[in-house]
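Notes follow once the structure below has been shown.
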Amino acid sequence: MPDRLPPPLTLAPREGRDQAMLEASRAVIGLFLRERTSDFSVKELAAHAGLSERTFYRYFPRKEDAIRPAVDASLASIVSNVRAAPRGKTVPEALVEALGQSLAEESAMSWENLLSVLNETESLRAVWLQILTDAEVALARVAAERLGIAPDSQRARLAGAVLATAGRLALEQSFSVGRKRDPGEALAEYLGLLGPTLFEEPAGGRGPVRRTPPRRSHQGRR
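Residue numbers (UniProt numbering): 1 to 222.
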């Protein structure tokens with residue numbers, strides 16, 4: 001993850017251009033899922049989304065970018081639900097519940113077909129990997145908030161990476177062709193393989209962890 005964290009994902013009301021991009025993104029994903037392929041021209045995608053080609057390119061420099069707004073909105077929903085979970089829940093418990101809520105809200109989306117489409121081309125795989133990287137950052141931030149640690153600390157970054165990877169594996173295991181199971185159960189199993197230390201609050205109560213400044217080297221002093 002980068003040293004400087006990007007702006008947090010939010011569920012703020014979308015207006016104007018942002019709302020139009022989200023609606024176009026959902027239309028494109030809907031087409032991909034229905035046809036089980038991303039093999040469409042920009043002209044076809046723009047027409048399906050009700051946009052001119054010029055507007056489509058203004059919203060999405062590459063056709064693969066069209067999946068981002070809808071998937072980012074789903075990620076923001078999961079992060080928001082983790083953040084809002086009762087304090088009595090651990091971070092892993094909150095994530096399992098949040099994933100279940102998100103999938104229930106998106107019951108019309110076939111993740112089996114979506115994962116197949118996302119792995120159809122190198123370009124789409126690259127977008128999917130970037131989405132997962134952004135998920136690491138977002139989950140690191142919310143884990144830090146709940147644990148009372150710095151969002152750019154090693155522990156928060158590791159937590160974000162672990163949570164995002166476990167989520168990916170749970171989706172892949174649950175929605176692989178010929179394999180059907182509850183993704184929340186799969187996620188809970190993956191997270192259950194971890195020890196408790198990573199998601200325990202620091203000893204002495206909550207509060208941001210201060211990073212110790214690097215010690216100056218005495219090398220070269222006379």
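The C-beta atom is built at its ideal place from N, Cα and C for all residues, glycine as well.
The beta carbon of residue 63 sits closer than 7 Å to those of 42, 45, all from its chain and outside the five residues before and after it, given in chain order.
Sixteen is the threshold: when 16 or more other Cβ atoms of the shown chains lie within 10 Å of the Cβ of residue 118, as they do, the residue is buried. Beyond the five residues adjoining it in sequence on each side, residue 73 comes within less than 7 Å, by CB distance, of 22 in the same chain, given in chain order.
Contact between residue 182 and residue 176 is ruled out by a C-beta separation of about 14 Å, above the 8 Å threshold.
Only buried fits residue 146, as 16 or more other CB atoms lie within 10 angstroms of its CB.
By alpha-carbon distance to residue 116, the top candidate from 148, 19, 36 is 36. Using a C-beta cut-off of 8 Å, the stretch 140 to 155 makes contact with the stretch 188 to 202, since at least three inter-stretch Cβ pairs fall below that distance.
Collapsing the DSSP output to three states places residue 119 in coil. In this structure, residue 161 and residue 186 do not form a Cβ contact; the two beta carbons are roughly 18 Å apart against a cut-off of 8 Å. In its chain, beyond the 5 residues on either side, 46 have a beta carbon closer than 7 Å to the beta carbon of residue 52.
Ranking 172, 167, 180 by CA distance to the CA of residue 95 puts 167 first. In the structure shown, the three-state DSSP call for residue 200 is coil. In the three-state reduction of the DSSP assignment, residue 36 falls in the coil class.
Counting the other CB atoms within 10 Å of its CB gives residue 123 a total below 16, which places it among the exposed residues.
Here residue 184 is buried: its Cβ has 16 or more other Cβ atoms, across all protein chains shown, within 10 Å.
Rounded to the nearest angstrom, the gap between the Cα atoms of residue 55 and residue 70 is 18 Å. The alpha carbon of residue 34 has as its nearest neighbour, out of 188, 113, 143, the alpha carbon of 113.
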